[in-house]
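My numbering applies: residue 10 is where the sequence shown begins, and numbers increase by one. We put the CB at the ideal spot given by N, CA and C, even for glycine. To keep things clear, I will list the structure first and then write my remarks on it.
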Amino acid sequence: STNNSLWWANERRQKIFRNADGLQAEQNESWDKAAAEYEKVLSFIPDYKDARERLANVKSADALETYQQGLKFQENKNWDAALEAFQKCLELVDNYKDSEKRIRDVKESAAKEHYQLGLSFESAGRWSEALQEYQRVEQYIPNYEDISEHLGVVHQVLASQRYNEGLTYEEAQDWRAALNNYKQAQSHVPGYEDVDERIRQVSYKIAEELVQEGDSYVVEAESGNRRTLGERALDRYEEAKHYAPNYPDIQKKINQARDLTITRIAIQPLKGNSDISSQITQGIINYLVKTRNPHIRVVERAQLNALLSEIGLGATGIIDSATISAAGKIKGVDVLTFGEIMEYSYTPKRDYETREETKFDPKRPEGQRRYKVSYKYYTEERKAYIKASVRLINAETAEIEWSDIIEATVSDKASWREGNESRVRLKSADTLRAEVISDVVRRFSSEILRRYR
Numbered sequence: 010s011t012n013n014s015l016w017w018a019n020e021r022r023q024k025i026f027r028n029a030d031g032l033q034a035e036q037n038e039s040w041d042k043a044a045a046e047y048e049k050v051l052s053f054i055p056d057y058k059d060a061r062e063r064l065a066n067v068k069s070a071d072a073l074e075t076y077q078q079g080l081k082f083q084e085n086k087n088w089d090a091a092l093e094a095f096q097k098c099l100e101l102v103d104n105y106k107d108s109e110k111r112i113r114d115v116k117e118s119a120a121k122e123h124y125q126l127g128l129s130f131e132s133a134g135r136w137s138e139a140l141q142e143y144q145r146v147e148q149y150i151p152n153y154e155d156i157s158e159h160l161g162v163v164h165q166v167l168a169s170q171r172y173n174e175g176l177t178y179e180e181a182q183d184w185r186a187a188l189n190n191y192k193q194a195q196s197h198v199p200g201y202e203d204v205d206e207r208i209r210q211v212s213y214k215i216a217e218e219l220v221q222e223g224d225s226y227v228v229e230a231e232s233g234n235r236r237t238l239g240e241r242a243l244d245r246y247e248e249a250k251h252y253a254p255n256y257p258d259i260q261k262k263i264n265q266a267r268d269l270t271i272t273r274i275a276i277q278p279l280k281g282n283s284d285i286s287s288q289i290t291q292g293i294i295n296y297l298v299k300t301r302n303p304h305i306r307v308v309e310r311a312q313l314n315a316l317l318s319e320i321g322l323g324a325t326g327i328i329d330s331a332t333i334s335a336a337g338k339i340k341g342v343d344v345l346t347f348g349e350i351m352e353y354s355y356t357p358k359r360d361y362e363t364r365e366e367t368k369f370d371p372k373r374p375e376g377q378r379r380y381k382v383s384y385k386y387y388t389e390e391r392k393a394y395i396k397a398s399v400r401l402i403n404a405e406t407a408e409i410e411w412s413d414i415i416e417a418t419v420s421d422k423a424s425w426r427e428g429n430e431s432r433v434r435l436k437s438a439d440t441l442r443a444e445v446i447s448d449v450v451r452r453f454s455s456e457i458l459r460r461y462r
């Protein structure tokens, strides 16, 4: 039994090994793939000696090939590729050949080459290029010779150049270009001269211009196109705050501009069935208010009546796009809803069919114990339906911003055998009407939120 178990275990190992792609990959000298396949085998059978030996051989072969590539890269002064190759050798096989020494030699050679280039650029006054070369030196050997001194000199010169360019731009009132140069000077030498103060002053100048631009949009918004101009003003004020967080009244201006971007919407009763219309109107108001959408403000009916009185329309009846156009605009309102209940119906429908079933009575005479009886099987469906036309009208231009026909249907259905009607629970006409109204409210309100979010 023990021998059989060992035999089956060995067969299982051989099957897994044969099915693996490692052998084929090894023959093709695809070392990475072969190693991955052998590691997969070992994840199933950790003590599989043959797979472990093959994995070691594959890594050794990969290391040899990579090492030879590294030698060529080193000979051709392709320092980064040489470094990558020798480092990979050490990852494949610990302490592989003289890879550690090769890495040190490559870093030394690379640092020396970039150091000499940096000296040449520095002598020629090509400071930015010198900086790049010295920074490359630091990447290879951080404390190479007197690299820190040369970096200090180059940073100082570049800071001076950027600072002086900043002064020139500042004098020309090109605040953004000045700020860019001052920040570069600051990045080279933190605290250079009075660069911190100049950055603060120039940033304030930029903010000042942005605020002035935002103010002009706010003034222009009083004559129309309030939401679009409000968005532009908001962009300018928020950018100004980025440059000068403590700019006087900046948050107040941001709040005022944000208020201009809000869509003020008046919900008008739909024409037609007054009872259903009032429920839809109030439902839309409640829906919009509950969402707490910061981009929409619902204008109360009393407030709308007051606004209408101000422009001579009065508060009687339902206003329409024609009266809006005649009045020119309604101040304090951006969008009005209009619509009409085109159809409402509640339809209860009951049908029945006669069915038969076979019964068994052991008390009946032989041959008559099985008999058929007929009964009525009822089905009732109650359905509520609304068809409404709806529109969103721009209060300033009287243009239709959106229109649609909304059709909504809700129903309830039940079936029962005669005599069981008392057990049936169907939704009432009032319940179905409330549900179909709720569907219209949801769909109309969702469109409003989508358009003015």
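*Who pairs with PHE369 in a beta bridge, going by DSSP?*
ARG379
_Exposure of GLY323, with buried meaning 16 or more beta-carbon neighbours within 10 Å_ = Confidence in GLY323 is poor, its pLDDT being 49 and thus under 50, which makes the residue's placement too unreliable to answer from.
*In terms of DSSP beta bridges, what is GLU389 paired with?*
ARG359 and ALA423
*Closest Cβ-Cβ distance between CYS98 and chain C: below 8 Å?*
No chain C is part of this structure, which consists of one protein chain only.
*Nearest-angstrom Cβ-Cβ length linking LEU463 and ARG378, presumed shorter than 8 Å*: With the chain covering 10 to 462 only, the question about residue 463 has no answer from this structure.
*Given VAL67, which residues of its chain have a CB within under 7 Å of its CB, disregarding the five upstream and five downstream residues?*
GLU35, TRP40, ALA43, ALA44 and TYR47
*Under three-state DSSP, which class holds ASN189?*
helix
*Buried or exposed: which applies to LYS262, given that a residue is buried once 16 or more other Cβ atoms fall within 10 Å of its Cβ?*
buried
_ALA65, enclosing alpha helix (DSSP H) - first and last residue_ = 58 to 84
_THR272, enclosing beta strand (DSSP E) - first and last residue_ = 272 to 276
*May I ask you to verify whether the region 122 to 138 touches the region 98 to 111, counting CB pairs closer than 8 Å and requiring at least 3?*
no
_Suppose contacts are defined by Cβ-Cβ distances below 8 Å. Is ALA404 in contact with VAL342 by that definition?_
yes
*Please check the pair LEU345 and GLN277, which I expect to be a contact at CB under 8 Å, by giving their CB distance rounded to whole angstroms.*
6 Å
*So the alpha helix (DSSP H) ILE208 belongs to, where does it begin and stop?*
204 to 230
*Span of the alpha helix (DSSP H), counted from its first residue to its last, around ARG111*: 108 to 132
*With distances taken Cα to Cα, identify the nearest neighbour of ARG267 among LYS250, VAL450, ARG236 and TYR355.*
ARG236
_Pull the bridge partners of ALA417 from the DSSP assignment, please._
ILE395
*Going by beta carbon distance, what residues of the same chain come within less than 6 Å of THR325, once the five residues before and after it are set aside?*
With a pLDDT of 44 at THR325, under the threshold of 50, the predicted position of this residue should be treated as unreliable, though the coordinate-derived value follows. So no residue of the chain qualifies.
*So the alpha helix (DSSP H) ILE305 belongs to, where does it begin and stop?*
Where ILE305 is concerned, there is no enclosing alpha helix (DSSP H), although the beta strand (DSSP E) it sits in stretches over 305 to 308.
*asked:* Can you check which of these residues, GLU240, GLY233 and LYS81, is closest to ARG462 by C-alpha distance?
replied: GLU240
*Note down the Cα distance separating GLN371 from LYS381, rounded to an integer number of angstroms.*
One detail in the question is off: residue 371 reads as Pro in this sequence, not Gln. The alpha-carbon atoms of PRO371 and LYS381 are separated by roughly 14 Å.
*asked:* Once DSSP output is grouped into helix, strand and coil, what is the label at LEU92?
replied: helix
_Closer than 8 Å is the cut-off here; do at least three beta carbon pairs connect the region 111 to 119 with the region 83 to 102?_
yes
_Could you check whether the region 392 to 402 touches the region 412 to 422, counting it as contact only if at least three pairs of C-beta atoms, one from each stretch, sit closer than 8 Å?_
yes
*asked:* For the structure I just gave you, are there three or more beta carbon pairs, one from the region 213 to 231 and one from the region 195 to 204, closer than 8 Å?
replied: no
_So, for THR300: in the same chain, excluding its five sequence neighbours on each side, which residues have a beta-carbon less than 7 Å away from its beta-carbon?_
LEU458
*In angstroms, rounded to a whole number, what distance separates the CA positions of SER157 and LYS192?*
22 Å
_Between PHE53, ALA423 and SER354, which has its C-alpha nearest VAL433's C-alpha?_
ALA423
*Express the C-alpha separation of PHE130 and GLN265 in angstroms, rounding to a whole number.*
55 Å
*asked:* Please identify the residue among ARG171, ARG426 and GLY223 whose C-alpha is closest to the C-alpha of ASP203.
replied: ARG171
_Distance, VAL146 Cα to ILE271 Cα_ = 57 Å
*ARG373, buried or exposed, once every other Cβ within 10 Å from all chains shown has been counted against 16*: exposed
*Could you give the distance in angstroms between the alpha-carbon of VAL445 and the alpha-carbon of LYS280?*
17 Å
_DSSP three-state assignment for VAL342, whether helix, strand or coil_ = coil
*Is it true that the CB of GLU389 sits closer than 8 Å to the CB of LYS368?*
no
*Going by DSSP, which residues form a beta bridge with VAL412?*
Just to set this straight, residue 412 is Ser in the shown sequence, not Val. In the DSSP output, where bridge partners are listed per residue, SER412 has ARG400.
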